[in-house]
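Asks: Numbering (our numbering), first residue to last: 4 to 972.
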């Protein structure tokens, strides 16, 4: 039997389905049909394992039900089985099938089956798959006895087939969330048995056809999120059984037809986001069954009719983003079942009505109006039970005066409280701490004074605490650490004093902190480096001092976030921190007790102990004073002798290097790696600010021209105290001098004294990549070919460096120079090796000052720093070049991380939109998209997942396969 069936199955797979009827009558047609259907799909989770071709009947198979009388398949329900593949014709064998439901799978392909062959089919559900393409015009021709059709959440395109109008028994039709387009045929109104119609979230356009009154059995009509225009047809009032109407997110206009007042069974009316005009009609009060009325984001004007108070079943009233004016009618207090009222973004005026807080509402959103009056007056008549129900209260951007009532603490269910942008005065009430469920507290832009209450820590669920732009004084309470879920903390533009509390470092979820424009003092707690989720930490314009915390975020913090603090030091503020030596341990020489921390036996001889300690302290102080004077004198001598030292330099040739034989303090030692130029003009350039090209983490760069006319760039190192010994320094510089590649800025020589070190590079005239990307005018931007060549050239130079075991460490767009021919030349490579072994946090603050380029392993002491750090920086650089955006960009209310933005766009299928807008229409997507994907791969969080630079070069060369005559883009 099995062998016979296997042969028959092969015939079925390679022959038209109508040959099945010619098979042996002893074989069950339903088994055949389902096995053929199974052969066309993939079943990764083995849900259809029970479907065995040797069975005589499929009635015990998973997802299959049979009619107990005929023993034939009546239902196939395989919802959520993770099936993929295409819908095969085997299903057409199931002649007694009444219900076919394949919802929530991964099925693909077009819908070409003629379901007219299944004469008994009542329910067809193919929703939540990936079917695509247009639906053939005759798909539902002679659709027999179909009662329910759902093709929702697929990718169907084109017009809705006219053949649907022949489905006269259809009661349920759901074609939502596809890409159906064109005008809606009036033939659909002939389906007078239809009870539910959902065409939402498509691309349908034109006017809603007249004749809608023909749907006199319709209960639900959903046309939301299409492109319908024109007015709502008058005939809608003839659909008197309608319970739910959703016309939101279209372009409908005009007023509402008077016939709608006949729809007194309607419970939900959604007209959100259209272009309806005029006043809200008074007859709206006749729709007595309304529970939801949403007319938000339209162009309604005038006063809200008092007749709305007749809607005693109303639960949701949303009139936001219109032009309603006047005051809220007292009649609304009759809407005793109201749970949500949103009147935001209108021109409503008057006091906040007290009835709002008597009704026991859950959400009150009154923002962006012209309301005035006092909060305590509005709260006065609220009852305890009603206070407990309120979850959202937003009265922001009005003209509310007076103090925040302490009774606010009784609204124990509040999760969102915003009173920002009003005229509130007085203290922040301590009762705020009683709001245990509060997620967001926004009191910004008022006139509040006093201190932040210590009780704020009682609001332990807080995620956002916003009190900026007030007149708050005192210190930041340490109790804020009790708000362990806090992600957003903004206290800027107040008069806060005292230190930044170390307790903030316990808020492990913190992402955004703004303490700017206050009067905070002291040093920043080192524990802040433990905040691993930080995106922004703004402490600018305070009176803070000392060194920034060492950590992956603070090493790359934006300079603007720490500016205006003269006492702060570190790379972001371009101010070197003074070296702090540990205090000497002074022991009592008269003590014979070797136990640390014990009291000496002769503790009573106070004068002797004090005199010895004093002598030691005085001696140490004298040594320090003498040292300071000596260093000052040496610095003055170095400065005065800089030009003399350079002028006194002499040269001697050699096979590999030419160098000065003198190494005394006056002349120093100069080594040039080729030639024998006259360097006598270089010293003047070092002292001439007009010749300065720029400054970086290692020092300033100057341009000078030698007597032979040869231009060079001289980097004057400002990290002399960190530089290795002369032998180690020279060994490392000579190693860098051997690096020769046409995409590298050549190191031509160096100069050494114990107090001054210079690196001499070739001069590149075209400026750096950062300026070309971010500072050029729109008419002078880099073309796609220029950008691709820069990416490829940079990749080749890094691959070459890595082959020589040189890590760049400091890759960023300002270190990529462009020569006169448009070629990229990488600068500042390998300079980290000139420094002694430092903690990686200190190292990153010196050389990795550009935010966004640093690989995540810098923040982990246990992970080795390798060439893969350069690969990460290169990936960020690639995205910067293609998008024209900085690695991290600070917006008004957000911080955009370039890698995250591109990765998110790739997941959404819109990565092409990330390409620099100046290149739109002028770049090949077949190159740009793979290049961006390569950039994302290079920025993998795991170093081992990043490719080697040699592999990157190969990939880039494969992406670009130039053909002859390719146009310059």
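Ideal Cβ positions, reconstructed from N, Cα and C, are used throughout, including at glycine.
In this text, all values refer to a predicted model and were calculated from it rather than measured experimentally.
#1: Residue range of the beta strand (DSSP E) that residue 366 falls in?
#2: DSSP three-state label for residue 947, please.
#3: Sort 98, 109 and 102 by Cα distance to residue 46 and report the nearest one.
#4: Hey, how far is the Cα of residue 586 from the Cα of residue 506?
#5: Let me know if residue 371 comes out buried or exposed under the rule of 16 or more other beta-carbons within 10 Å of its beta-carbon.
#6: Anyone know if the C-beta pair for residue 826 and residue 796 falls short of 8 Å?
#7: Please determine whether the Cβ atom of residue 130 lies at a distance below 7 Å from any heavy atom of the ligand HEM.
#8: Kindly give me the distance between the Cβ atoms of residue 292 and residue 322, rounded to whole angstroms, as I take these residues to be in contact under 8 Å.
#9: Would you say the region 792-807 touches the region 872-886, given that touching needs at least three Cβ pairs under 8 Å?
#10: Tell me whether the region 923-934 and the region 785-792 touch, counting them as touching only if at least three CB pairs, one residue from each stretch, are closer than 8 Å.
#11: Taking a contact to mean a Cβ-Cβ separation below 8 Å, would you say residue 905 touches residue 914 in this structure?
#12: Looking at residue 521 and residue 497, is the spacing between their C-beta atoms short of 8 Å?
#13: Who are the Cβ neighbours of residue 80 in its own chain at under 6 Å, not counting the five residues just before and after it?
#14: Start and end of the alpha helix (DSSP H) containing residue 54?
#15: Compute the distance between the beta-carbons of residue 182 and residue 159, then report whether it is under 8 Å.
#16: Buried or exposed: which applies to residue 888, given that a residue is buried once 16 or more other Cβ atoms fall within 10 Å of its Cβ?
#17: Contact between the region 426-438 and the region 400-413 is defined here as three or more beta-carbon pairs at a separation below 8 Å; is this criterion met?
#18: Closer than 6 Å by C-beta to residue 492: which residues in its own chain qualify, once you throw out the five before and the five after it? Chain order, please.
#19: Exposed or buried, what is residue 961 when buried is set at 16 or more other beta-carbons lying within 10 Å of its beta-carbon?
#20: May I have the straight-line CA-CA distance separating residue 735 from residue 752, to the nearest angstrom?
#21: Measuring CA to CA, which of 190, 199, 224 and 231 is closest to residue 205?
#22: For the beta strand (DSSP E) containing residue 806, name the first residue and the last one.
#23: Would you mind listing the beta strand (DSSP E) stretches within the region 510-559 that are 3+ residues and don't spill past its ends, in chain order?
#24: Taking a contact to mean a Cβ-Cβ separation below 8 Å, would you say residue 548 touches residue 531 in this structure?
#25: DSSP three-state label for residue 327, please.
#26: State the DSSP-derived secondary structure class of residue 857, mapped to helix, strand or coil.
#27: Beta-carbon separation of residue 541 and residue 555 under 8 Å?
#28: Helix, strand or coil: how does DSSP classify residue 715 here?
#29: Do you know how far the Cα of residue 447 is from the Cα of residue 458?
#30: So residue 355 packs on residue 376, CB below 8 Å; how close in whole Å?
#31: Which parts of the region 733-765 are runs of the beta strand (DSSP E), unbroken and 3 residues or longer, counting only runs that do not cross its ends?
#32: Let's test the definition: count the other Cβ atoms within 10 Å of the Cβ of residue 688 and tell me whether it reaches 16, buried, or not, exposed.
#33: Are the beta-carbon atoms belonging to residue 474 and residue 451 less than 8 Å from one another?
#34: Measuring CA to CA, which of 307, 561, 235 and 267 is closest to residue 973?
#35: Taking the continuous beta strand (DSSP E) assigned at residue 419, which residues delimit it?
#36: Is the beta carbon of residue 280 less than 8 Å from the beta carbon of residue 265?
Replies: This is what the structure gives:
#1: By one-based count along the chain shown, residue 366 stands at place 363. That run of the beta strand (DSSP E) goes 366-368.
#2: Taking the chain shown and counting its residues from 1, one reaches residue 947 at position 944. In this structure, residue 947 counts as helix in the three-state DSSP scheme.
#3: One-based indexing of the chain shown puts residue 46 at position 43. For the residues 98, 109 and 102, the minimum Cα distance to residue 46 belongs to 109.
#4: Taking the chain shown and counting its residues from 1, the one referred to as residue 586 is at position 583. Taking the chain shown and counting its residues from 1, the one referred to as residue 506 is at position 503. Its pLDDT being 36, under 50, residue 586 is placed unreliably in this model, and the value from its coordinates should be taken loosely. Computed Cα separation, rounded: 27 Å.
#5: Stepping through the chain shown from its first residue, residue 371 is reached at position 368. Residue 371 comes out buried.
#6: Along the chain shown, one-based indexing puts residue 826 at 823. Along the chain shown, one-based indexing puts residue 796 at 793. For the 8 Å CB-CB criterion, residue 826 and residue 796 form a contact.
#7: Among the ligands in the structure shown, none appear at all, so the ligand HEM cannot be discussed.
#8: What you label residue 292 is simply residue 289 of the chain shown in a count that begins at 1. What you label residue 322 is simply residue 319 of the chain shown in a count that begins at 1. Actually they do not touch by this definition, with Cβ atoms about 19 Å apart.
#9: Counting C-beta pairs with one atom in each stretch, the region 792-807 and the region 872-886 have three or more that are closer than 8 Å, which means they touch.
#10: yes
#11: Looking up residue 905 in the chain shown gives position 902. Looking up residue 914 in the chain shown gives position 911. Yes, Cβ-Cβ distance for residue 905 and residue 914 is below 8 Å.
#12: Counting from one through the chain shown, the residue named residue 497 turns up at place 494. Counting from one through the chain shown, the residue named residue 521 turns up at place 518. It is a contact, given that the beta carbons lie within the stated cut-off.
#13: By one-based count along the chain shown, residue 80 stands at place 77. Answer for residue 80: 66 and 104, listed in chain order.
#14: Position 51 of the chain shown, counted from the start, is the residue given in the question as residue 54. Premise fails: residue 54 is in no alpha helix (DSSP H) and is neither H nor E.
#15: Here residue 182 corresponds to residue number 179 of the chain shown, with the count starting at 1. Here residue 159 corresponds to residue number 156 of the chain shown, with the count starting at 1. Yes, they are a contact pair.
#16: Along the chain shown, read from residue 1 onward, the residue named residue 888 stands at position 885. Residue 888 is buried by the Cβ-count criterion.
#17: yes
#18: The sequence position of residue 492 within the chain shown is 489, counting from 1. 468 and 516, listed in sequence order.
#19: Along the chain shown, one-based indexing puts residue 961 at 958. The residue is exposed, with fewer than 16 neighbouring Cβ atoms inside 10 Å.
#20: Here residue 735 corresponds to residue number 732 of the chain shown, with the count starting at 1. Here residue 752 corresponds to residue number 749 of the chain shown, with the count starting at 1. Cα to Cα, the separation comes out at about 12 Å.
#21: Counted from its first residue, the chain shown places residue 205 at position 202. Among 190, 199, 224 and 231, the Cα nearest to that of residue 205 belongs to 231.
#22: Looking up residue 806 in the chain shown gives position 803. Segment 787-806 is the alpha helix (DSSP H) holding residue 806; no beta strand (DSSP E) there.
#23: 515-517, 522-526, 539-541 and 546-550
#24: Position 545 of the chain shown, counted from the first residue, corresponds to residue 548. Position 528 of the chain shown, counted from the first residue, corresponds to residue 531. Contact flag unset, no.
#25: One-based indexing of the chain shown puts residue 327 at position 324. The answer is strand: DSSP assigns residue 327 an E or B state.
#26: To locate residue 857, count along the chain shown from 1; it is residue 854. Correct three-state label for residue 857: coil.
#27: Locating residue 541 in the chain shown gives position 538, where the first residue counts as 1. Locating residue 555 in the chain shown gives position 552, where the first residue counts as 1. Contact flag unset, no.
#28: Here residue 715 refers to the residue found at position 712 when the chain shown is read from its first residue. Note: residue 715 maps to strand in three-state DSSP.
#29: Residue mapping note: residue 458 aligns to position 455 of the chain shown, counting from 1. Residue mapping note: residue 447 aligns to position 444 of the chain shown, counting from 1. Taking the straight line from one Cα to the other gives about 18 Å.
#30: Residue 355 sits at position 352 when you count from the first residue of the chain shown. Residue 376 sits at position 373 when you count from the first residue of the chain shown. Indeed, because the Cβ distance is near 6 Å, the residues count as touching under 8 Å.
#31: 750-755 and 760-765
#32: Here residue 688 corresponds to residue number 685 of the chain shown, with the count starting at 1. Reliability fails at residue 688, whose pLDDT of 45 lies under 50, so the model's placement of it is uncertain and no value is given.
#33: Here residue 474 refers to the residue found at position 471 when the chain shown is read from its first residue. Here residue 451 refers to the residue found at position 448 when the chain shown is read from its first residue. The Cβ atoms of residue 474 and residue 451 sit closer than 8 Å to each other.
#34: The chain is shown only over 4 to 972; residue 973 falls outside these bounds and no answer can be derived.
#35: Here residue 419 is taken as the residue at index 416 of the chain shown, counted from 1. First-last of the beta strand (DSSP E) with residue 419: 419-421.
#36: Residue 280 sits at position 277 when you count from the first residue of the chain shown. Residue 265 sits at position 262 when you count from the first residue of the chain shown. Contact flag unset, no.
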